[in-house]
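The structure under discussion appears below in the form of C-alpha cells.
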Amino acid sequence: MPVYALNLFDIANKDEYLAYARRSAKEVEAHGGKVISLGKFKEAAQGDITPRTVLILVEWESKEAFESYCDDPALADLHPHRENGTKNYIWHLFDKLDDLRPILKENQLR
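Residue numbering for the sequence shown follows numbering that gives the first Met the number 0, starting at 0 and increasing by one per position.
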C-alpha cells in the first residue's frame, strides 16, 4: 500500500543540503519513491505548528520502500548530508486513501 512522506524543515547548511539534494532524487526513485510536490513556506493560514521553510511530499510504493531508502547501507554516506543540512525536521508518514471513509468510520467506533 502506498504511503506519503511529508517532509517539513528549515535549511541549516546550504552546502550540506545541496550535497544531499544532488543525489537524493535519483536514490528516492531507485527505492520506489516519487517526489509529488516541493514547496516554500508562504504563510500560516491556520494552526499552531511552527512554520518550516521547505515542504517536500514523496509518494512511496510502500512503507517497506521508504524503509529500504532509509536503511540502505549504500546510502549511509548520503543521509548525514540531510541531517547536517537541515534543522527542525518533521518527517511524517501517511497512508494513501482514496477518500476519508476509513477515517470517518474509525471515528464512529470511538
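Glycine is no exception: its CB is placed at the ideal position from the N, C-alpha and C atoms.
### Beta-ladder partner(s) of Ala20, from DSSP
Per DSSP, none; premise fails for Ala20.
### Query
From what residue to what residue does the beta strand (DSSP E) around Ser36 run?
32-39
### Query
Taking C-beta to C-beta, are His91 and Ala4 nearer than 9 Å?
yes
### Message
Taking its Cβ as the centre, do 16 or more other Cβ atoms sit within 10 Å of Leu7, making it buried, or is it exposed?
### Response
buried
### Task
With Asn87 as the anchor, note down where its alpha helix (DSSP H) starts and where it stops.
From DSSP, Asn87 is part of no alpha helix (DSSP H) but of the beta strand (DSSP E) over 85-94.
### Query
Looking at the structure shown, is Glu58 part of a helix, part of a strand, or coil, going by DSSP?
strand
### Task
Identify whether Asp47 lies in helix, strand or coil by the three-state DSSP scheme.
coil
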